[in-house]
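Written below as structure tokens is the structure these notes are about.
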Amino acid sequence: MTEYRSVILGVGSDLPGRVVTNDELAQTVDTSDAWIRERSGIEQRHIASEGEFTSDLGARAAEKAISNAGIDKSKIDLIVVATTTPDLTFPSTASIIQEKLGIRHGAAFDVQAVCSGFIYGIHIADSMLKSGPYEHALVIGAETFSRILDWNDRSTCVLFGDGAGAMVLQKQKTTESGIINNFIRSDGRYCDLLYVDGGPSRTQTVGHVRMIGNQVFRHAVKDIAIAMKECANSAGLEPNEIDWFVPHQANQRILDGVGKKLSLRKEQVISTVAKHANTSAASVPLAFDTAVKDGRIKRGDLVMLEAFGGGFTWGATLLRF
Ligand code: ACO
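If you count by the working numbering, then the sequence shown holds residues -16 to 304, one letter each, in order.
Printed below as a string of structure tokens:
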């Protein structure tokens, strides 16, 4: 029987023009460049300007991914947007992006799994391409996380940034490339360790990010390592046989901790956390696009994506580019 795979036809990303360095932040928050670099590896973040929304970043990343895929955008029949910072409570940011792109058919919806959203979105799009009538999916991770930060809380506001990344997936009869395996999990017992203290139903406000960072850190290292091992093992591989790892960019120390647990070489792990900070659902496609554009990830390479976020949610995707 011929196997269908979701092949990554194109990738793209977008960052707001405004860069905020650690030193600039230290002028308004009780922190320092040295503390932020040592605890997280972050040097700077991009912050959306007034009037620049999640859908603007997402639509720009999508345009670049579609152009990189070399297809006409009228071919896109499924849009999945992973975001925790939608333009509005409804309609979905996916619907708004669909309109901005001028796409008039197919389905569009948002996925909410916080920083793991892109991995969830890829799994959903991959399943829908393989089982449904869809041919070309656009999966976007887009965030204006700066809008839900408490800029007086130094334990969270220094860690995040804004941005977007996108992938175009095409259903193909092949086993040569495409998505090989997905692994997603959630454990709602840990809602209180990483959450936003507002929402339409409970407070009728947007709220701000709250996090017990050191506890999140411990869970992240353990759960990401398990997800990556299970995802690789299900494909008959050990993690260190994979060419590239594109992790969620939360903290360089998490990347190093997971790498150590799985005996990965530092050069195998794509890190953009220094320049982008944590862009939540956008971080994986942003890092992937960065490594494709700078020539590290090449066609034919075996790549693992992974993420961990609020919920807790976590997961991994194994693919051949
Ligand atoms: N500048 C200076 N000092 C600070 C800052 C700051 N920006 N923030 C906290 N501190 C202080 C604390 O007040 C504390 O001081 P105290 O010892 O006097 O009480 C001290 O630094 C140590 O605080 P910890 O929280 O224990 O520091 P830690 O080494 O754990 O680093 C960090 C904090 C960077 C948040 C880390 O725990 C982390 O990265 N956690 C995981 C984050 C993550 O992965 N999130 C998941 C995804 S995000 C999502 O899903 C939305």
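Glycine included, each C-beta is placed from N, C-alpha and C at the ideal position.
Inset, instruction - Please look up how many angstroms separate the CB atoms of A290 and V267, rounded, as I've assumed it's under 8 Å. - result: That pair is a contact at about 6 Å.
Legend entry - Contact check, N223 vs S254, beta carbons under 7 Å: It is not a contact, given that the beta carbons lie outside the stated cut-off.
Inset, instruction - With DSSP as the reference, label P230 as helix, strand or coil. - result: strand
Inset, instruction - Note the first and the last residue of the continuous beta strand (DSSP E) segment covering N165. - result: G161 to S169
Legend entry - F92 (DSSP reduced to helix, strand or coil): Per DSSP, reduced to three states, the secondary structure at F92 is strand.
Legend entry - R28, enclosing beta strand (DSSP E) - first and last residue: Q27 to I30
Inset, instruction - Let me have the residue list for the ligand ATP: C-beta closer than 5 Å to any non-hydrogen atom, ordered along the chain. - result: Of the ligands one can find in the structure shown, namely the ligand ACO, none is the ligand ATP.
Legend entry - CA-to-CA distance, N234 to L176, given in whole angstroms: 16 Å
Legend entry - Where N51 falls: helix, strand or coil (DSSP): In the structure shown, N51 adopts helical secondary structure according to DSSP, grouped into three states.
Inset, instruction - Compare the Cα-Cα distances from C265 to each of L61, L220, V94 and T66 and report the closest residue. - result: Looking at the sequence provided, one finds Ala at residue 265 rather than Cys. Cα-wise, what sits closest to A265 is T66.
Inset, instruction - For E(-14), count neighbouring Cβ atoms within 10 angstroms of its own Cβ and tell me buried if that reaches 16, exposed if not. - result: exposed
Legend entry - Same chain only: Cβ atoms within 7 Å of Q95, ignoring 5 sequence neighbours per side: T67
Inset, instruction - In the DSSP assignment, find the beta strand (DSSP E) that holds H119 and state where it starts and stops. - result: That run of the beta strand (DSSP E) goes H119 to T127.
Legend entry - C-beta atoms of L269 and G144 nearer than 7 Å: Cβ atoms of L269 and G144: not closer than 7 Å.
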